[in-house]
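Asks:
Residue numbers (full-length UniProt numbering): 1 to 1107.
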């Protein structure tokens, strides 16, 4: 019984155990179902399990990467412990039951055990489940079968099934663990193009290899033909898988054109596409709408296929040719400024087996570009060239803004339209890489006119009281009647820098910065004035709409500005709102003043008024309106820097007359008056000797427009400033020439002068004894020379002129040494009488003019041995030679000769250089006239002691030879030795104190000697072998003035102060010495001046050294 009781008790425990297992199994199955439902519903936002970094990988039999513990990692150990604990709790029930008593067992469950599909195998229970291939592979990647060591698990991704083998509770636990694991999986997707999809279908093994290479624990596959899916145990990993696959795929769109149509529709093309698909594993699609060939493939396969397609397209392309022609100044700009870009285009076409031919014709101003080659490249480069041409900036150069003074616009117009002007522009274009277009304006002219009104003078009056002729002339043609903006009659006046133009006409046709409209004050009065009605007819309703819009919020203002309306030639319209005339003229003055002030603030340079308020509506008196407008214009001329021109455009001739009368009384000068031209006599083209003595325009010049073309706006603005400056500097060069003889020139002489000026496009004006020349600089110089030669040959003898430039009847009664005498010497100072060239005052000026053009070339005059001057210079050389001192001193090295033999003497006649010297000499004369003196060297004392060693050795010989020297100013001859290489520079440009060496004992200056022996030391370099033949020394004039005598070597920048003897004197009322004399223990005395104007090299002496 005990046995049976014991046995029964055992059975009861077994039953209870079985019941507990059954209940446990049901709970596990329920958990599995829940887990199973969750699998596949995992979102990228769910919590994820992070595998330890302390893991390596291995491959399963399908090549997927699987994590494997490397050992030693704490994180991995914890993970394994938790996993094993969980699995053990589920599977080792016999161990559980061995540890509990019967009373501790739970009651036998009433619910029957669930039916489980199972199969018996030799090793126990087995179960198969179907599973998505991707998830099976994820389990492989995870190494799931290794995690459940107590259960045999077969992960078969080929059949999409998983087999579990083991005891039932072990299988259940393994399934639960699997679903828990799969809950953590994430899937990322991306739709791909048709081409990419085709590549991915064929390259499934490549996907696996790529993920393996990049060590990405994920599974990628293509679903629904074009959906790329990537499954992994984390979102970043799934995203990385997608990105990695896409990064290794490439797509390119290769354009084709009409030249390829035949080829891409041929069997040859079809064969090429099949070859690329089979061999290169790429997809080739045609987008015929966009004319594109789309090539997709794996990077390694893709490039070869792409290059092959391009080569075949180039090979089979039908050649295309295009011709582009650019004309005018835009062509010039393109030629100068786009060469680098054009060369690049040419290179690009050449690379595609095409060609580009470029031809620029500067005479016709045309550029022709011809391209041949593949249709695509030709079309592409044609568009590129067209863009370059379209990008060329165009802007006008306003001659009035360069200078609107007097005749300047006319002078610039005529000069730029001449051959020399065109040469100037051509050079400028090339230098600044731009184009410039000159176009003559139709019905627009400039008139050359007098600047000042001339008094009436009759021919019987004395010559010195004859009428001044200020008539500018290019040749004496009678002017055409100028037309400006459709107005036949106009006058031009100048007040300070303001030009006032009076016209008869309709203001709505006028070109101006601002056009002034007049509006009657009050509601609904806008279009009641006649001037507003004229604007409305011209512009339409938009004119009133703009006014109404601008008036909103500004009801109290009497001056309203609006943008220009269609048809108007202005930038803005100023609406002047004034009430009907009540007798209070201050209202009108304020309105006009406010209008002009606002125009100035808004940077307008030109304002046009009608006869404001003089119509039947407002009834302002004409004389009040005239007084107001003219007066306020005068105020504007004085105050505004912006407004340079005011126009009065008057509809009726009676009001024009009132304006004209007021302006005639007010303005300084009438620039041009078309209203008086109808009464000009037939002989008006010659001003000199006319009966009424009035000045009349002499020539009408066609007005021109100047357009500038540049490669960009920024470059164009920069070039425009440079061009404006160069035009002004080049064509508005001005020079005056003054002489008494000009007062009495004959009519015939004046005609010759104006004819010469006309040939060189130079403007000439005569004002009493002065001629003014203006035009291109070189032309002015040349014209001036011609006209002065004409003047010289004029036989008018009313003012006989002596060679010295003074009246031959002049008798001097001034005693030598008196102020009057020195002033007379100053007036009569001239080139020496013994000079061959440049004799006479007019000849001097003519030669000076030529010198400015030719570069002041000196003339050498050889002095014959029979000439007294030759003998005097020979004696000067011999008397100052000291053979005992030859070879002595630092500068006399390698000299061993005993004397020198003069072989040639030349006089240097350089008027430009001598004129500077003469100017300084005159200053010395004026100083003498003021009572100051220049002490001779032998009379210089310091502290009551004579400090010089005696008179200048060349002084006595110079005076006895009558060499035209001013001894009272201490002007004397001195020697200056120099090397052959410097001779030409010295005789043409003079001795330059700035080029004196820093090693000079007395500073940087011009050194001269009274001894020919001293000068000989410097006739060649002392450090080299001395030359004996054809040595050179100069005999120079030196203006020593007041001399500072020193016995010590000291560096001077200028002579010291004559009052305080300091070298750095800063007192303005003190004066300096004029020169320094070194008179001490040295072998020779030296004489130094520190200004080149105090020295003139007059004779060049050639000599040989004699042993």
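Where is the CB? At the ideal position from N, CA and C, for every residue including glycine.
#1: In chain order, which continuous runs of the beta strand (DSSP E) of length 3 or greater are located wholly inside the stretch 291-359?
#2: Considering Cα atoms alone, identify which of 820, 503, 182 is closest to residue 656.
#3: Once you ignore the five residues that flank residue 550 on each side, which residues in its own chain have a CB closer than 6 Å to its CB?
#4: Identify, in the order they occur along the chain, each residue of the same chain with its Cβ nearer than 6 Å to the Cβ of residue 333, setting aside the five sequence neighbours on each side.
#5: Comparing C-alpha positions only, which one of 1057, 876, 539 sits nearest to residue 1099?
#6: Counting C-beta neighbours from all protein chains within 10 Å, is the total for residue 603 16 or more, i.e. buried, or is it exposed?
#7: Could you check if residue 129 is buried or exposed, using at least 16 other CB atoms within 10 Å of its CB as the buried criterion?
#8: Hey, quick one: how far does the beta strand (DSSP E) through residue 374 stretch, first residue to last?
#9: Pull up the distance between the alpha-carbon of residue 1082 and that of residue 838, whole angstroms please.
#10: Taking the alpha helix (DSSP H) that residue 599 belongs to, which residues open and close that run?
#11: Tell me whether residue 1017 is buried or exposed, calling it buried when 16 or more other Cβ atoms sit within 10 Å of its Cβ.
#12: Please report how far the alpha carbon of residue 951 lies from the alpha carbon of residue 1025, in whole angstroms.
#13: Alpha carbons only, please: which of 1013, 759, 953 is nearest the one belonging to residue 887?
#14: Secondary structure at residue 869, three-state DSSP: helix, strand or coil?
#15: Extract the residue ranges of the alpha helix (DSSP H) inside the stretch 948-1014, only unbroken runs of 4 or more that lie entirely within it.
#16: Enumerate, from N- to C-terminal direction, the unbroken beta strand (DSSP E) stretches of 3 or more residues contained entirely within the stretch 491-557.
#17: What does residue 577 pair with, by DSSP beta-bridge criteria?
#18: Rounded to whole angstroms, what is the Cα-Cα separation between residue 431 and residue 723?
#19: Nearest-angstrom Cα distance between residue 870 and residue 746?
#20: Taking a contact to mean a Cβ-Cβ separation below 8 Å, would you say residue 774 touches residue 733 in this structure?
#21: Under a three-way DSSP split, which group does residue 1073 fall into?
#22: For the beta strand (DSSP E) holding residue 393, just list the boundary residues, first then last.
#23: What does the Cβ neighbour count give for residue 218, buried or exposed, with the cut at 16 atoms within 10 Å?
#24: Write down the C-beta distance between residue 625 and residue 612 rounded to the nearest angstrom, noting that I regard them as a contact closer than 8 Å.
#25: Within a Cβ cutoff of 7 Å, which residues of the same chain sit near residue 272, ignoring the five residues on either side of it in sequence?
#26: May I ask you to report which of helix, strand or coil DSSP gives residue 408?
#27: Counting along the chain, where does the alpha helix (DSSP H) carrying residue 938 start and finish?
#28: Would residue 424 and residue 730 qualify as a contact pair, given that the criterion is a beta-carbon distance under 8 Å?
#29: Could you have a look at residue 778 and say whether DSSP puts it in helix, strand or coil?
#30: Which class does residue 702 belong to by DSSP, given the choice of helix, strand or coil?
#31: Decide if residue 917 is buried, meaning its Cβ has at least 16 other Cβ atoms within 10 Å, or exposed.
#32: Relative to the C-alpha of residue 398, which residue among 437, 496, 664, 179 is closest?
#33: To the nearest angstrom, how far is it from the Cα of residue 396 to the Cα of residue 726?
#34: Since residue 721 is in the alpha helix (DSSP H), which residue starts that stretch and which ends it?
#35: Which parts of the stretch 144-206 are runs of the alpha helix (DSSP H), unbroken and 4 residues or longer, counting only runs that do not cross its ends?
#36: Taking 7 Å as the limit between beta carbons, can you name the residues of its chain near residue 836, skipping five residues before and five after?
Replies: Well, looking at it:
#1: 292-298, 319-327
#2: As a first step, residue 656 must be located in the chain shown, where it is residue number 656. Checking every option, the nearest Cα to that of residue 656 belongs to 503.
#3: Counting from one through the chain shown, the residue named residue 550 turns up at place 550. The residues are 560, 562.
#4: On the chain shown, position 333 is the one that residue 333 refers to. Counting only Cβ-Cβ distances below 6 Å, and skipping sequence neighbours, we find 392, 434, 435, 709.
#5: Position 1099 of the chain shown, counting from 1, holds the residue named residue 1099. Checking every option, the nearest Cα to that of residue 1099 belongs to 876.
#6: For the purposes of this step, residue 603 is taken as residue 603 along the chain shown, with counting starting at 1. Answer is exposed; the Cβ neighbour count stays below 16.
#7: By one-based count along the chain shown, residue 129 stands at place 129. Burial call: exposed.
#8: Looking up residue 374 in the chain shown gives position 374. Run containing residue 374: 366-374, per the beta strand (DSSP E) assignment.
#9: One-based indexing of the chain shown puts residue 1082 at position 1082. One-based indexing of the chain shown puts residue 838 at position 838. Whole-angstrom Cα-Cα distance: 41 Å.
#10: Numbered from its first residue, the chain shown carries residue 599 at position 599. Element bounds for residue 599: 585-601.
#11: Working through the chain shown from its first residue, we reach residue 1017 at position 1017. Buried, because 16 or more other Cβ atoms sit within 10 Å of the Cβ of residue 1017.
#12: For the purposes of this step, residue 951 is taken as residue 951 along the chain shown, with counting starting at 1. For the purposes of this step, residue 1025 is taken as residue 1025 along the chain shown, with counting starting at 1. Near 35 Å, if we compare the C-alpha coordinates of residue 1025 and residue 951.
#13: By 1-based counting over the chain shown, the position of residue 887 is 887. When only C-alpha atoms are compared, the closest one is 1013.
#14: What you label residue 869 is simply residue 869 of the chain shown in a count that begins at 1. It is helical.
#15: 955-960, 983-989
#16: 498-504, 514-520
#17: Translated into positions along the chain shown, residue 577 becomes position 577. BP columns for residue 577 point to 519.
#18: Walking along the chain shown from the start, residue 431 turns up at place 431. Walking along the chain shown from the start, residue 723 turns up at place 723. Distance between the alpha carbons of residue 431 and residue 723 is about 11 Å.
#19: Reading the chain shown from its first residue, position 870 is the one you call residue 870. Reading the chain shown from its first residue, position 746 is the one you call residue 746. C-alpha separation (whole angstroms): 44 Å.
#20: Translated into the one-based positions of the chain shown, residue 774 becomes position 774. Translated into the one-based positions of the chain shown, residue 733 becomes position 733. Cβ distance < 8 Å, so residue 774 and residue 733 count as in contact.
#21: Residue numbering aside, residue 1073 sits at position 1073 when the chain shown is read from its first letter. Here residue 1073 sits in coil by DSSP.
#22: Working through the chain shown from its first residue, we reach residue 393 at position 393. Where residue 393 is concerned, the enclosing beta strand (DSSP E) stretches over 393-397.
#23: On the chain shown, position 218 is the one that residue 218 refers to. Label assigned to residue 218: buried.
#24: By one-based count along the chain shown, residue 625 stands at place 625. By one-based count along the chain shown, residue 612 stands at place 612. Rounded, the Cβ-Cβ distance is 5 Å, consistent with contact.
#25: Position 272 of the chain shown holds residue 272. So the list reads 312, once near-sequence residues are dropped.
#26: Locating residue 408 in the chain shown gives position 408, where the first residue counts as 1. Correct three-state label for residue 408: helix.
#27: Within the chain shown, the letter at position 938 stands for residue 938. That residue, residue 938, is in no alpha helix (DSSP H); it is neither H nor E in DSSP.
#28: Position 424 of the chain shown holds residue 424. Position 730 of the chain shown holds residue 730. In this structure, residue 730 lies closer than 8 Å to residue 424 by Cβ.
#29: By one-based count along the chain shown, residue 778 stands at place 778. Of the three classes helix, strand and coil, the one that applies to residue 778 here is helix, per DSSP.
#30: Here residue 702 refers to the residue found at position 702 of the chain shown. In the structure shown, residue 702 sits in a strand (DSSP, three-state: E or B).
#31: By one-based count along the chain shown, residue 917 stands at place 917. Buried, by the Cβ-count rule.
#32: By 1-based counting over the chain shown, the position of residue 398 is 398. Of 437, 496, 664, 179, the residue nearest in Cα terms is 437.
#33: Residue 396 sits at position 396 when you count from the first residue of the chain shown. Residue 726 sits at position 726 when you count from the first residue of the chain shown. Going from the Cα of residue 396 to the Cα of residue 726 covers about 15 Å.
#34: Position 721 of the chain shown, counted from the start, is the residue given in the question as residue 721. Unbroken alpha helix (DSSP H) run through residue 721: 713-731.
#35: 144-147, 168-182, 194-202
#36: Locating residue 836 in the chain shown gives position 836, where the first residue counts as 1. Taken in chain order, the residues that qualify are 861, 909.
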